[in-house]
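What follows is a single structure, written as structure tokens, with notes after it.
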Amino acid sequence: MCVITIRPGTEEDWDLVEEGLIQGSLLTERPERRSDISHAALREQARKTIDKFHINAKGPEATFVAEVDGVRAGFVWVTTEISLGNGDLCGWVLEIYVLPEHRRKGIGAKLMSEAERWTKASNANSLWINAGANNIAAIALYEHMGFDIETVHMSKRF
Ligand SMILES: CC(C)(COP(=O)(O)OP(=O)(O)OC[C@H]1O[C@@H](n2cnc3c(N)ncnc32)[C@H](O)[C@@H]1OP(=O)(O)O)[C@@H](O)C(=O)NCCC(=O)NCCS
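First residue of the sequence shown: 55, per our numbering; consecutive thereafter.
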């Protein structure tokens, strides 16, 4: 039986975060558009996100890494921000990612619980996450964790 552990992320884990951001962005796109997207552009965008929310972070942020038998299997990256709507301090999951071969073992749920624990300890009163409408696994995970849909983004592509 494999042993799943969760530990705080370190500077050495940002390669995994970069990969997770790339895969997460791809899944946010509609399936018919995914083959048109350049991997290099996704990587550049992932690096900009890490620069903005980690290297030049304006507030607290944390990563937690899941390991299976001591080998990295996924991560969650979480931050807080003041809501423009009501001034409350909110948690935001910037990304969650589990390697394909380790999915459906409860790792995503463990990482989300850790994100929730960190958010509460940061005195935020809610935790938010964006998901692509076609990302069935992510939406199912968040519903499993007790999340509700709050807003719906719509687009018309030209
Ligand atoms: C979304 C993701 C993090 C889920 O991780 P995971 O470790 O497989 O999730 P868990 O095993 O903890 O799943 C917990 C529950 O979530 C739901 N769930 C997770 N994946 C699901 C899927 N593919 N289909 C249906 N339900 C799913 C189930 O209720 C599951 O419980 P169960 O296995 O007892 O039925 C993983 O699929 C992933 O990394 N996807 C690619 C990156 C991504 O989409 N990130 C989110 C961007 S918004």
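Idealized CB from N, CA, C, for every residue including glycine.
Going along the chain, which residues of its own chain have a beta-carbon closer than 6 Å to the beta-carbon of Ala-185, five neighbours each way excluded? Within the same chain, Ala-185 has close Cβ partners Ala-192, Ile-193.
Under a three-way DSSP split, which group does Arg-126 fall into? It is a strand residue.
Classify Ile-190 as buried or exposed, calling it buried when 16 or more other Cβ atoms lie within 10 Å of its own Cβ. exposed
Based on DSSP bridge pairs, tell me the residues matched to Leu-143. As DSSP reads the structure, Leu-143 sits in a beta bridge with Ile-136.
Check each residue's C-beta against every heavy atom of ligand 3 and list, in chain order, those closer than 7 Å. For ligand 3, the structure offers nothing, since it holds only ligand 1.
Report the start-end ranges of each alpha helix (DSSP H) in the region 145-195 that is 4 residues or longer and not cut off at the edges. Entirely contained in the region 145-195, the alpha helix (DSSP H) runs reaching 4 residues are, in chain order, 161-175.
Look at the alpha carbon of Glu-121 and the alpha carbon of Glu-115, and state the distance between them as a whole number of angstroms. 20 Å
Nearest to His-228 by CA position, among Asn-179, Lys-210, Ile-161, is which residue? The chain is shown only over 55 to 212; residue 228 falls outside these bounds and no answer can be derived.
Taking the alpha carbon of Val-71 as the point to measure from, which residue in Arg-87, Ile-104, Phe-201 has its own alpha carbon closest? Ile-104
Can you tell me whether Ile-109 is buried or exposed, with buried defined as 16 or more other CB within 10 angstroms of its CB? exposed
Could you spell out where the alpha helix (DSSP H) holding Thr-103 opens and where it closes? 93-104
If you follow the alpha helix (DSSP H) that Ile-76 is in, where does it begin and where does it stop? 68-82
Cβ-based burial, Ile-180 [other Cβ within 10 Å; buried from 16]: As written in the sequence, residue 180 is Ser, which differs from the Ile given in the question. Classification of Ser-180: exposed, given that the 10 Å Cβ count is below 16.
In terms of DSSP beta bridges, what is Val-26 paired with? As displayed, the chain neither begins before 55 nor continues past 212, which places residue 26 out of reach and without an answer.
Kindly indicate which residue of Glu-149, Ala-111, Phe-201, His-156 has the alpha-carbon position closest to the one of Glu-73. Glu-149
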